[in-house]
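Protein chains in written order, with this note's numbering: chain Z, 1 to 236; chain R, 237 to 462.
C-beta: ideal position from N, C-alpha, C; glycine also.
One structure is given here, and the rest of the page talks about it.
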């Protein structure tokens, strides 16, 4: 199913039209985790560390494409997207970054740090009732990362961190659009548990690394650093 | 008749090349249904307001690749499908679609997207009860469109495929390939092929007759006084 190229880079089953996966010299490292998991902090720390070592880095993340980021944000604000439409909108945003940011950067030998990748997108869609097969096919165009780290934080700790940071829970991160509960706190807890269950399922399938995120940033960074070092040492 | 879905409504789609006469025919079908007092709704390809800005920007600035081109159009379709087509089908409307997912199948496959991937993308869509394919010889469609020497847009002419240096030549080759994809789908998708060279009114008479046979139209009348 997976097609290996000279550089050992693979996609999830579907070739992108007009895209060449050979000669992707760089490394793609994805961090996954809920808001408040410390994901973005870790990305920043990794970036500093890598640049200090002399590696070129490029950051990508959700809703950052030239093509649809603004439109997606506006539609999200108005909460006017139905589930399939939102899935496809996010997939468009992802594909645009894959082709215009991720692949060119890897070709140029950069380390690409993805602040969330397709796993978050897939988990969100599946929790909202999308068929697994459909979602998997949708993202089968994606490049398989050299490493995926899922920073797992218990819902209780997430709640505390979100309140400390924003004094409020995010509508989407609470899954309020699904109608799990009218009580936002209750909805947040249930939604995060559903997402985590989906991540566990995906972990069994895709084999990414789970990082205990209930620790301090420095401790997590030390672990990530050691693991990233292994990835960088691997030559195809 | 055998329905392709379990909704009380019905879905009729028209497909064909630009210049095949399909839009004229579905417009006349809609007029006829309205004048009979039927619950009818018309929707056309690439018209969702939500996605319009992104599509416009992508096309104007030539940001689209075959994959993002495909996804932008699928997003547009999903928006119209989830907010209009499906609810209306459930409410017992006759929905008329000027181009449907088959347009994406043809165009995206010609652009080199994986056929299985594209089909799976649209697997959430209701399969139409009737899909008319307006089969006009390629040269005739091309002459109808190119006769006025219109300004062809970049993606419309398939310039992104690098088939030819100028828009007109590119458009000819591009349309030829799309036509071939349509022809392949006639059997596999069960298109009702319409002879696109017949006079407009003759075609319309045939369309109406076919629709009447397949769909119990009186049951789609508005109930109560208007």
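Residue 115 of chain Z has Z:31, Z:61 as its beta-bridge partners, per DSSP. Exclusion of the five residues before and after residue 282 of chain R leaves 312 as the residues of its chain whose Cβ lies within less than 6 Å of its Cβ. Going by beta carbons, residue 355 of chain R and residue 341 of chain R fall inside the 8 Å limit. Per DSSP, reduced to three states, the secondary structure at residue 243 of chain R is coil, with no helix or strand assignment.
A residue is called buried once 16 or more other Cβ atoms fall within 10 Å of its Cβ, and residue 454 of chain R, having fewer, is exposed. Put simply, the backbone Cα of residue 379 of chain R is about 19 Å away from that of residue 395 of chain R.
For residue 350 of chain R, the neighbours in chain Z by C-beta distance under 7 Å run, in chain order, 14, 15.
Counting of Cβ neighbours within 10 angstroms places residue 98 of chain Z among the buried residues, the total reaching 16 or more. If you keep only unbroken alpha helix (DSSP H) runs of at least 4 residues inside the segment 91-136 of chain Z, you get 103-107, 118-127.
By a beta-carbon distance limit of 8 Å, residue 390 of chain R contacts residue 295 of chain R. Their separation comes to about 7 Å. Within the same chain, 436 come within 7 Å of residue 260 of chain R by CB-CB distance, once the 5 residues on both sides are set aside.
For residue 366 of chain R, the enclosing beta strand (DSSP E) starts and ends at 366-371. In the DSSP assignment, residue 457 of chain R forms a beta bridge with R:274. Within chain R, not a single residue places a beta-carbon under 9 Å from that of residue 144 of chain Z; the smallest gap is close to 16 Å.
As computed with DSSP, residue 252 of chain R is found in a beta bridge with R:370. When DSSP reads this structure, residue 149 of chain Z sits in a beta bridge with Z:31, Z:209. Taking a beta-carbon distance threshold of 8 Å, residue 127 of chain Z does not count as an interface residue toward chain R.
Pairwise C-beta distances place the segment 149-156 of chain Z out of contact with the segment 87-98 of chain Z, as fewer than three of them are shorter than 8 Å. Under the Cβ criterion of 8 Å, residue 276 of chain R is not counted among the residues facing chain Z. Counted as a single uninterrupted DSSP element, the alpha helix (DSSP H) harbouring residue 409 of chain R occupies residues 403-424. Exclusion of the five residues before and after residue 412 of chain R leaves 374 as the residues of its chain whose Cβ lies within less than 8 Å of its Cβ.
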